[in-house]
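A.B. asks: Residue numbers (the working numbering), protein chains in the order written: chain A, 849 to 1321; chain B, 10 to 421. The structure under discussion is supplied below as structure tokens; questions concerning it will follow.
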Amino acid sequence: MLKLALPKGALQSNTANLLQRAGFGYADYHESSRVYRPKSQGFPALFTKVFHEKDLAVQVAIGNYDLAICGLDWIMELLVKYHSDAIVKVRDLGYGQRNLYLASSRFSAIRSVADIKSSSGPVRIISEYPNIAEALALRFRLRNFRIMPAWGAVEAYPPEHAELAIIPATTSEELKAKDLVPIARILTGNAWLIANRNSLARKDLSSLLLPFHQAAPEAEADRDISISEIDSEEKFESSVFPDGEVSLALADGHQQSHTNKFLKKAGIKIRSYRQPPPTRRPQIEFEGVSVKVVRPQDMPGQVANGNFDLAVTGRDWLSDHKYQFPASPVQELVNLGFGWVRIVAVVHNNLPAESTGDLRQLLQSGQIPILRIASEYTNIADKYARDNHLSPYKVIPSWGATEAYLPEDADVLIENTETGKTLAKNNLKIIETLFESTGCLIGNSLSLTDPVKKERIERLVEIFQKGLAAPSP
Amino acid sequence: MKIPKCKGASDWMPQDMRQFRHIEEVFRKSCSGWGYNEIRTPSLEYLQLFTSAGTLSPEMLGRLYSFLDWDGWSGERVVLRPDGTIPTARLYVEQMADMPLARLCYIENMFSFEGSGQEARERWQCGVELMGSAEPEGDAELILLALEILSKLDITPITIKLSHVGLFRTLLKELGLPPEEQEQRLLEILTGDIRALGKIKGESPEVNRFLKLLLDLQGTSHGFLENLRSVLPEKLAAVKPYIDSLAGTASLLDSIGQSYEVNFASGEGFEYYTGMVFQFYGRGELVGKGGRYDELVPLVGGGNVPASGFALFIDKLICLIPQLSGSSPKILVKQESGRVEEMKAAFEIARLLRGKGYAVEMGKSAASDCTWIISSARDGKSFTLVNASTEKDQKGLSFDQLLQRLGESKEC
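Shown next as structure tokens:
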């Protein structure tokens, strides 16, 4: 059986159009569809699955899928680190152009590659593309650099929490609108049709390749990382980041409304956190405290490395961080109680397992040769397998749409759920609850060594604690 | 279920380990004889140690095993040691900076990512570093030490190839290439692509002729270097000191009758090399290489300390040295009845034999590499000695007679 993997998200609409032109006849894969296994009328024997774009290249590389459509940025993110991965770039599909830029902040004195190279201290680069960031740092021959992998919102970090960001955008103007200064364009690319090397060598994929060849116009943008410097006319604007200021990270995404409600309840006034226009730096009415809005997934790591003193995140992400770094200085300060979810182990209804013990039996009897555990929480998944002696196993990192992995591409998911309805809808069942997670205020214990910060942090913690008992507004 | 070993990893069998230990012993003894002291650096180092421009090339940095440590929340990465010289330079700066001259050696494993799994990801090497010497005599000392080790390992004849990275650096600069292209061409030369020089067109036919000579000719005496010096174009006069330096070492090797090949196409090496580089070939295989790296110690935070060194590749040497057998004949002391008196006698005889230098196993049946089998009589005072291969036996031997028979067979 031939297998094709398709992107969800930004490339979904154009990809659906291309597939239509090529005669694939997917009625249930279009701009707004949320179907994970669309059926092709043109190729009824073809198995198709929809993934988060970042997962596509990995799925082809490990041989789960013969073909996939994926942005060049995510292909390169894999290939720059794992040179020999089994991916063949078959055809530039001519749409979905995305550039990767290297950018600093307009409050930063860094304006060029030469400024970066002559930087004396450690250069911190934040990016959703950590492999590309590392390759770039090596190419610049930076002696002392830190790569800070992030789930997103990287524009929020420069200049005080990272010197540089690697960020996708269609034009450099988009970056300027985010208070960033583009320094260089490092990758330009469209969506590509990629193939697994083994599949190309051993299977007859011609019936699929030909329609793509005929339906996609000849196009070929830059294929590799190349540094194209941008002359910036942006003026450097100095900004004061005073000593002793407490840096608080608040969540974007679905945690935002919970957090906003809680802050109101606690009597903390904050502007532009929920209201349009959204900003990554809302104003808080609390002396000596500054706020940034970032991804909750990134917060424990960013609090640990001292970028933030405090953050409102979930216990799920705190646990994931602590499992990777047991000696991390991050600690939970207040359990905020909102955003309750369960972190659960999930299998497909067809798998004859009702508990983790049953999974172990399936492994021991050889019915499952190696347990594939897909999760956004890679460290929780790893600990679950270790603690339960589920050997052999491998953890498949995922960036979303994880429930689509079962049963073809994983045996178990470690996932969060509130009601379990979405899981049930996808024909999945919970076999174990690992723990319950709620929103929490976390802090870096080392921040308390600064007496000014200590006093402010303690006041904030007190207000958060009082907020727990306060009536809803 | 069988769990296979990691891609690109190797198991070493008892025979391999015999070869390995022999190489170690020869290496240590020779180094010690030349005044070198053994060190060991950690397998984990900070990535930062290797990222300074001039230490490792971007190509090598791209193959590092780098990861966040358990306290790596700051984003600081650690790596599995990819090279022995840079950590030695760090150790020197950290622990021995006050020593004007340090002779150091080590036996360590190096790690480098290799995607296909067809090649080794872990390699063992014997390394020697001479920190603090700028003289050609220092380079000659290293070459002679390497030759002594290889000779004691019965790997002869050895072909030595000499080249000079400093010469290339200066040459690229003198040819007027932009800095980026100089760096690019040098990296190509260091990865073994000497033809990179062929891509350069000099300003004059004279310069082009000289470049061609460098590429195409190999010399076998310091006379060759004299010849090069005499046809050196005026524009490339800055290269002359490097030819002189190479000629200095070549003359020393000439004077002790050691043959070598001056081959500029053998310039492959690390980016930290600054001066003469040398390679050792045994039976057609590259078994070791080294060179001068006068700028490495300052690059890792130390003073202006010149240095040079070499490494021999143990993985290669294991296959090239003669096959070694076990050190002494293995003996099985057989205990069949399981009676207490017999066990006691068996343990006692085994202890006495081990004291005499024999390898003694105990059990009911012989391992395939056992030479002798001994069993004791019921009284525990007389013994039967069986030749494991011929199965001929000698019964009723006293312990002294037993020792005598074993000793006789050892001498044979």
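Ideal placement from N, C-alpha and C gives every residue a C-beta, glycine not left out.
Is it a yes or a no for the region 51-67 of chain B touching the region 85-98 of chain B, going by three-plus beta-carbon pairs under 8 Å?
C.D. replies: yes
A.B. asks: With DSSP collapsed to three states, give me the class of A:Val-898.
C.D. replies: strand
A.B. asks: Using only the alpha-carbon positions, how far apart do B:Thr-283 and A:Asp-1027 sit?
C.D. replies: 45 Å
A.B. asks: From the DSSP output, read off the bridge partner residues of A:Pro-1016.
C.D. replies: A:Leu-948
A.B. asks: Give a yes or no on whether 9 Å exceeds the smallest Cβ distance from B:Gln-57 to chain A.
C.D. replies: yes
A.B. asks: List, in order along the chain, the chain A residues whose C-beta lies closer than 8 Å to that of B:Pro-67?
C.D. replies: Leu-986, Arg-987 and Arg-989
A.B. asks: Let me know the secondary structure DSSP gives B:Asp-402 once reduced to three states.
C.D. replies: strand
A.B. asks: Alpha carbons only, please: which of B:Gly-81, B:Asp-163, B:Gly-44 and B:Lys-170 is nearest the one belonging to B:Ala-111?
C.D. replies: B:Gly-44
A.B. asks: Looking at the strands, I want to know which residues DSSP matches up with B:Gly-299.
C.D. replies: B:Phe-287 and B:Phe-319
A.B. asks: Roughly how many angstroms lie between the CA atoms of A:Leu-948 and A:Tyr-877, to the nearest whole one?
C.D. replies: 27 Å
A.B. asks: Taking B:Glu-131 as the reference, give the member of B:Glu-123, B:Leu-153 and B:Asn-46 with the closest Cα.
C.D. replies: B:Glu-123
A.B. asks: Only counting the same chain, and skipping five residues up and downstream in sequence, which positions put a Cβ closer than 8 Å to that of B:Lys-298?
C.D. replies: Glu-277, Gly-278, Val-286, Phe-287, Gln-288, Phe-289, Phe-319 and Ala-320
A.B. asks: Hey, which unbroken runs of the alpha helix (DSSP H) at 4 residues or more fall wholly within the region 873-939 of chain A?
C.D. replies: 901-909 and 920-927
A.B. asks: B:Gly-347: which of B:Lys-373, B:Ile-340 and B:Ile-358 sits nearest, CA to CA?
C.D. replies: B:Lys-373
A.B. asks: Which runs of the beta strand (DSSP E) fall wholly inside the region 1012-1099 of chain A and span at least 3 residues, in chain order?
C.D. replies: Complete beta strand (DSSP E) runs here, min 3: 1012-1017, 1028-1037, 1039-1044 and 1094-1099.
A.B. asks: So what does DSSP say about A:Leu-1282, is it helix, strand or coil?
C.D. replies: strand
A.B. asks: Does B:Ser-75 come within less than 9 Å of chain A when only Cβ atoms are used?
C.D. replies: yes
A.B. asks: Can you list, in chain order, the residues of its chain with a C-beta nearer than 7 Å to that of B:Leu-362? Leave out the 5 residues immediately preceding and following it.
C.D. replies: Closer than 7 Å at the Cβ level, and outside the excluded window around B:Leu-362, lie Ile-340 and Val-369.
A.B. asks: Please identify, using Cβ separations under 8 Å, the residues of the region 378-394 of chain B that lie next to chain A, in order along the chain.
C.D. replies: Those residues of the region 378-394 of chain B placed with their C-beta closer than 8 Å to a C-beta in chain A do not exist.
A.B. asks: Assuming B:Met-352 is part of the alpha helix (DSSP H), what are its boundary residues?
C.D. replies: 349-364
A.B. asks: Is the CB of B:Ser-61 under 9 Å away from at least one CB in chain A?
C.D. replies: Among the CB atoms of chain A, one or more fall inside 9 Å of the CB of B:Ser-61.
A.B. asks: Is B:Glu-85 close to chain A, meaning its C-beta is less than 9 Å from at least one C-beta of that chain?
C.D. replies: yes
A.B. asks: Would you mind giving the Cβ-Cβ distance between A:Ala-1013 and A:Ala-951, rounded to the nearest angstrom? I have them listed as a contact below 8 Å.
C.D. replies: 5 Å
A.B. asks: Listed from N- to C-terminal order along the chain, which residues in the region 194-211 of chain B have their beta-carbon within a distance smaller than 7 Å of any beta-carbon of chain A?
C.D. replies: none
A.B. asks: Output yes if chain A places a C-beta closer than 9 Å to the C-beta of B:Ile-12; else output no.
C.D. replies: yes
A.B. asks: Any idea if B:Met-69 is buried or exposed, counting beta-carbon neighbours within 10 angstroms, 16 or more meaning buried?
C.D. replies: buried
A.B. asks: Which residues in chain B have a C-beta closer than 9 Å to the C-beta of A:His-1061? List them in chain order.
C.D. replies: Neighbours of A:His-1061 on chain B: none; closest Cβ ~29 Å, over 9 Å.
A.B. asks: Taking the alpha helix (DSSP H) that B:Thr-94 belongs to, which residues open and close that run?
C.D. replies: Segment 94-104, the alpha helix (DSSP H) holding B:Thr-94.
A.B. asks: So is A:Met-924 buried or exposed if we call it buried at 16+ other beta carbons inside 10 Å?
C.D. replies: buried
A.B. asks: Nearest by alpha-carbon distance to B:Val-306: which of B:Leu-206, B:Lys-16, B:Gly-17 and B:Tyr-101 is it?
C.D. replies: B:Val-306 has its Cα closest to that of B:Tyr-101, out of B:Leu-206, B:Lys-16, B:Gly-17 and B:Tyr-101.
A.B. asks: So, is the C-beta of B:Cys-421 closer than 9 Å to a C-beta in chain A?
C.D. replies: With a pLDDT of only 45 at B:Cys-421, under the threshold of 50, the placement of this residue in the model should not be trusted; the figure read from the coordinates follows. Proximity of B:Cys-421 to chain A, defined by a Cβ-Cβ separation below 9 Å, is not satisfied.
A.B. asks: Answer with buried or exposed for A:Arg-1304, where buried requires no fewer than 16 other C-beta atoms within 10 angstroms of its C-beta.
C.D. replies: buried
A.B. asks: Which residue from A:His-1237, A:Thr-1267, A:Ser-1203 and A:Arg-939 puts its Cα closest to that of A:Trp-1188?
C.D. replies: Of all alpha-carbon atoms in A:His-1237, A:Thr-1267, A:Ser-1203 and A:Arg-939, the one lying nearest the alpha-carbon of A:Trp-1188 is that of A:Thr-1267.
A.B. asks: With a cut-off of 9 Å, does the C-beta of A:Pro-1144 fall near any C-beta of chain B?
C.D. replies: no
A.B. asks: What does a CB cutoff of less than 8 Å around B:Arg-90 pick up in its chain, not counting 5 residues either side in sequence?
C.D. replies: Counting only residues of its own chain and dropping the five nearest sequence neighbours on each side, B:Arg-90 has a CB closer than 8 Å to the CB of Thr-50, Pro-51, Ser-52, Leu-53, Glu-54, Pro-96, Glu-117, Asn-118, Met-119 and Phe-120.
A.B. asks: Within the continuous alpha helix (DSSP H) that includes B:Ser-39, where are the two ends?
C.D. replies: 23-42
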